[in-house]
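Chemist: Per this note's numbering, the first sequence starts with residue 836, numbered consecutively. I'd like to ask you about the structure that follows.
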Amino acid sequence: MNDFFHRVYDVVMQIPVGKVTTYGAIAKRIGAGRSARTVGYALNAAANDERIPCHRVVNRNGELSGKVHFVPPSRMRELLEEEGVTFKGEAVVMEEHFWNPEEAL
DNA sequence: CGGCTGACTGCGA
DNA sequence: TTCGCAGCCAGCC
C-alpha cells in the first residue's frame, strides 16, 4: 500500500453522509494534481474495503462510475438516495451534494 | 527497462 | 453541444 493510496482513502473516508466528491477534487487535495485516473485506480482497490465509501466518489459529471456501479447488486444510486443524495437523471445533483475535500483541511 | 491499460479531466474542433 | 486527443500516475506484463 503506497502513501498515495493511503491519502486517497483518508480523504474518501472523510466524505460526510449525503455528500459526494470527484476524482479530480481528491487528486488535487492529495497533491496529485491531474492524476484523477490514479485516484480512480486507488478506489478500485478500495472497493474491496467496506470502510471506503467509494460509492460517494463520482466523475465530474456527477455520474456514478466504476466497476461497482456496473455490478447490479451494488445499486450505488439507491444507496446514495438512502443517505439523502438527490439525483438528476443518471447523475448526482452536484450543486447540492458536492463536497470539496479541501474544505476539510 | 519499455509499453499498455485504466472507476478521469480539460481543451480544441 | 458532442466527439476526440493528450496528459498524468501506478500497476502489470
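For each residue, glycine too, the CB sits at the ideal point set by N, CA and C. Predicted model, so just to flag it, every value in this text is computed and none were measured.
Taking only the alpha-carbon atoms, compute the straight-line gap between Glu885 and Glu925 and give it to the nearest angstrom.
Modeler: 24 angstroms
Chemist: For Gly897, count neighbouring C-beta atoms within 10 Å of its own C-beta (all shown protein chains included) and say buried if the count is 16 or more, exposed if not.
Modeler: buried
Chemist: For Thr857, does the three-state DSSP call read helix, strand or coil?
Modeler: strand
Chemist: Within 10 Å of its beta-carbon, does Pro888 have 16 or more other beta-carbons around it, so buried, or fewer, so exposed?
Modeler: buried
Chemist: Give the single residue among Leu899, Asp838, Pro851, Val852 whose Cα lies nearest to the Cα of Tyr858.
Modeler: Leu899
Chemist: Okay, do the region 876–884 and the region 901–916 touch, 3+ Cβ pairs below 8 angstroms being the bar?
Modeler: Because the criterion of three Cβ pairs below 8 angstroms is met, the region 876–884 and the region 901–916 touch.
Chemist: Could you name the residues of the same chain whose beta carbon sits closer than 8 angstroms to that of Thr921, not counting the 5 residues immediately before and after it, in chain order?
Modeler: Val927, Val928, Glu931, His932
Chemist: Just confirm the distance between the C-beta atoms of Ile861 and Val852, as a whole number of angstroms; I'd bet it's less than 8 angstroms.
Modeler: With 8 angstroms as the limit, Ile861 and Val852 do not qualify as a contact, their Cβ atoms being about 17 angstroms apart.
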